[in-house]
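Here's the structure we're looking at; comments come further down.
2 protein chains.
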Amino acid sequence: MSGAISKATARRLPMYLRYLKGKAADGQEYVSSAAIATDLGCSAVGVRKDLALISSAPGKPRFGFEVKSLVADLERYLGYHRFASAVIVGAGGLGRAMLSYDGFENYGIRVVAAFDNSPAKVGAVAGKPVYPMERLPEIVKRNHVEVGILTVPRSSAQAACDEMVRAGIGAILNFAPVYLSVPEGVRVKCEDLAVPLAQLCEGLAVSDK
Amino acid sequence: MSGAISKATARRLPMYLRYLKGKAADGQEYVSSAAIATDLGCSAVGVRKDLALISSAPGKPRFGFEVKSLVADLERYLGYHRFASAVIVGAGGLGRAMLSYDGFENYGIRVVAAFDNSPAKVGAVAGKPVYPMERLPEIVKRNHVEVGILTVPRSSAQAACDEMVRAGIGAILNFAPVYLSVPEGVRVKCEDLAVPLAQLCEGLAVSDK
DNA sequence: TATATATCGATAAAAATTTATCGATTCGGG
DNA sequence: CCCGAATCGATAAATTTTTATCGATATATA
Numbered sequence: 045m046s047g048a049i050s051k052a053t054a055r056r057l058p059m060y061l062r063y064l065k066g067k068a069a070d071g072q073e074y075v076s077s078a079a080i081a082t083d084l085g086c087s088a089v090g091v092r093k094d095l096a097l098i099s100s101a102p103g104k105p106r107f108g109f110e111v112k113s114l115v116a117d118l119e120r121y122l123g124y125h126r127f128a129s130a131v132i133v134g135a136g137g138l139g140r141a142m143l144s145y146d147g148f149e150n151y152g153i154r155v156v157a158a159f160d161n162s163p164a165k166v167g168a169v170a171g172k173p174v175y176p177m178e179r180l181p182e183i184v185k186r187n188h189v190e191v192g193i194l195t196v197p198r199s200s201a202q203a204a205c206d207e208m209v210r211a212g213i214g215a216i217l218n219f220a221p222v223y224l225s226v227p228e229g230v231r232v233k234c235e236d237l238a239v240p241l242a243q244l245c246e247g248l249a250v251s252d253k
Numbered sequence: 045m046s047g048a049i050s051k052a053t054a055r056r057l058p059m060y061l062r063y064l065k066g067k068a069a070d071g072q073e074y075v076s077s078a079a080i081a082t083d084l085g086c087s088a089v090g091v092r093k094d095l096a097l098i099s100s101a102p103g104k105p106r107f108g109f110e111v112k113s114l115v116a117d118l119e120r121y122l123g124y125h126r127f128a129s130a131v132i133v134g135a136g137g138l139g140r141a142m143l144s145y146d147g148f149e150n151y152g153i154r155v156v157a158a159f160d161n162s163p164a165k166v167g168a169v170a171g172k173p174v175y176p177m178e179r180l181p182e183i184v185k186r187n188h189v190e191v192g193i194l195t196v197p198r199s200s201a202q203a204a205c206d207e208m209v210r211a212g213i214g215a216i217l218n219f220a221p222v223y224l225s226v227p228e229g230v231r232v233k234c235e236d237l238a239v240p241l242a243q244l245c246e247g248l249a250v251s252d253k
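These protein sequence lines are chains A and B, in that order.
The opening position of the first sequence corresponds to residue 45 in the numbering used here, with each subsequent residue numbered one higher.
The opening position of the second sequence corresponds to residue 45 in the numbering used here, with each subsequent residue numbered one higher.
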């Protein structure tokens, strides 16, 4: 069952996918666990264990794993069992950057639109619409949006969060550097852009190794 | 010694800091491990263990921990033993958003400037300068920059990365969805904005619990 | 065809992390 | 002044995750 994948492994899968896509683009057919481990800075045994969990075809001795097949497996695992719609609340610099980011499709996520209070921000970015906040409930309902990305300034984060919850959004990815309080049942994941950078700076980097 | 903090704990510290700052802003003097755990969705025992590692003052039975003191301890731990300078390469949407992001100071990181190939992007954002790529080595050297944030499109990522390495940058935070190859000794940490979102979408969220 | 080698997959050991338990401490209320 | 509730800190158990070991397998090459 797909639920049998540990948290630690699940965190690494996207890394493999990205790496393998690079190899595929280079025209490489096979890749060994040792090569992956060296390049990604983790252990070969760990790589094999992780891949064993999602790979449909076994690795071939003396060759390694077939890149194309692994990519397919990873994409299936990472994006298969869902096709979620998301909205962005806050069309400032970060919000607009995410609106034009093209990496979400890989994970089965469709960013529907962005919202902002400021009339100046309303319009479109990268072909995606930016609506005034009032229209949030309507759009959420119509598109069955379950996930919201919060990219407003710290001061308006809680208010925007409340609006999202009222509109029926059940999971929020919060980029504002504040703690949000939400009603029972709503999931929040905080993401602070400074954190990975800080980890990188640490002498003892807390890498995802 | 400060090196005795486990990776798992180190990953959680920023979360505590943010949460506690919120409480401090609300004027709350004390907070119990149980309250933190409930709000943050983790276990109270874990919270106590984590805090024990960085807290200078012990928690008070019947009250909990002193918020102000914990904030000070966390800030000291997270940002004290370094003061790193960073640059941003790629002044597109994400790059500019990060240039105007004010959360880096909390972690002892100073973003010095951004760089871009396109003359149209050169100028200033949020009071920080945007230089043409040619000036990267000079600025890096002058400011002793050790860390670079890579926010260019996928296609130019490797080239930009190479330039950063040549300029003397030893650690790179990569936001482009590609695998970068770097010489021995250079650290790379990849950050894909879609990943946390994907985790949030998963039925079995891989939260940082 | 036989052999050496690179690689896998499985099992086992070690390490790290989380969770549980429990006595000790402090304060508020009777 | 004593009792009970709330909370901590420490120790111990359980779980998860990583790392090590080793035989099996497939391929290239002599």
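C-beta atoms are modelled at their ideal positions from N, C-alpha and C, and glycine is treated no differently.
Classified as buried, ASP94/A has 16 or more neighbouring CB atoms from the shown chains inside 10 Å of its CB.
At a Cβ-Cβ threshold of 8 angstroms, PRO173/A and ALA157/A count as neighbours. Relative to the Cα of ALA116/B, the nearest Cα in the group ILE98/B, SER129/B, ARG106/B, ALA128/B belongs to ILE98/B. Considering only THR53/A, VAL196/A, ALA78/A, GLY229/A, the residue with the shortest C-alpha distance to TYR145/B is VAL196/A.
With respect to ALA220/B, ARG186/B sits apart: the two C-beta atoms are not nearer than 8 angstroms.
Using a Cβ distance threshold of 8 angstroms, ALA130/A and VAL189/A count as a contacting pair. For SER144/B, the nearest beta carbon of chain A is closer than 8 angstroms to its own beta carbon. Here PRO227/A is exposed. Its C-beta has fewer than 16 other C-beta atoms within 10 Å. When the Cα atoms are used, ALA204/B and LEU224/B turn out to be separated by approximately 10 angstroms. Note that the region 103 to 123 of chain A touches the region 67 to 78 of chain A; at least 3 beta-carbon pairs, one per stretch, sit closer than 8 angstroms.
Using a CB distance below 7 angstroms, the part of the region 112 to 132 of chain B facing chain A consists of LEU122, ARG126, ALA128, ALA130, ordered along the chain. With a threshold of 16 other beta carbon atoms within 10 Å, ALA242/A meets it and is buried.
By the rule that beta-carbons nearer than 8 angstroms mark a contact, GLY71/B does not touch chain A. Excluding residues up to 5 positions away in sequence, VAL133, MET177, LEU180 lie with their Cβ nearer than 8 angstroms to the Cβ of GLU207/B in the same chain. The beta carbon of LYS233/A lies closer than 6 angstroms to those of LEU217 in the same chain, with the five residues before and after it left out. For the set ALA69/A, GLY85/A, ALA96/A, the Cα lying nearest the Cα of SER50/A is the one of ALA96/A. Contact check for GLU119/B against ASN150/B passes: the beta carbons are separated by less than 8 angstroms.
DSSP places PRO58/A in the uninterrupted alpha helix (DSSP H) bounded by 51 to 69. Contact check for LEU143/B and VAL166/B: beta-carbon distance about 13 angstroms, past the 8 angstroms limit, so the pair fails to qualify. Using a CB distance below 7 angstroms, the part of the region 140 to 167 of chain B facing chain A consists of ARG140, ALA141, MET142, SER144, TYR145, GLY147, PHE148, ASN150, TYR151, ILE153, ordered along the chain. In the DSSP assignment, GLY139/B falls within the alpha helix (DSSP H) that extends over 137 to 143.
In the DSSP assignment, CYS205/B falls within the unbroken alpha helix (DSSP H) covering 201 to 211.
Straight through space, the alpha carbons of ALA54/B and ALA48/B are spaced by roughly 10 angstroms. VAL222/B is classed as buried because its beta carbon has at least 16 other beta carbons within 10 Å across all chains shown.
Against chain B, the CB of VAL191/A has a partner CB under 8 angstroms away; the residue lies at that interface. Taking the Cβ atoms as the reference, TYR60/A lies roughly 11 angstroms from ASP83/A, outside the contact range of under 8 angstroms. Residue contact with chain A for GLY137/B: present (Cβ-Cβ distance below 8 angstroms to some residue of chain A). CA-CA distance, CYS245/B to ALA79/B, rounds to 26 angstroms. Among the residues facing chain B, ASP94/A is not included, as its CB has no counterpart in that chain under 8 angstroms away.
Annotation: TYR121/A is outside any beta strand (DSSP E); the continuous alpha helix (DSSP H) that includes it extends over 111 to 123. With respect to the 8 angstroms criterion, ALA238/A and GLY136/B are not classified as neighbours on the basis of their beta carbons. A Cβ-Cβ distance of about 11 angstroms is found for the pair ASP236/B and PRO240/A, leaving them out of contact under the 8 angstroms criterion. In this structure ASP160/A is buried. Its beta-carbon is surrounded by 16 or more other beta-carbon atoms within 10 angstroms.
In chain order, MET59, ARG62, TYR63, LEU64, LYS65, GLY66, LYS67, ASP83, LEU84 make up the part of chain A whose C-beta sits under 9 angstroms from the C-beta of TYR223/B.
For LYS65/B, same chain residues with a beta-carbon under 7 angstroms away, outside a window of 5 residues either side, are VAL115 in chain order.
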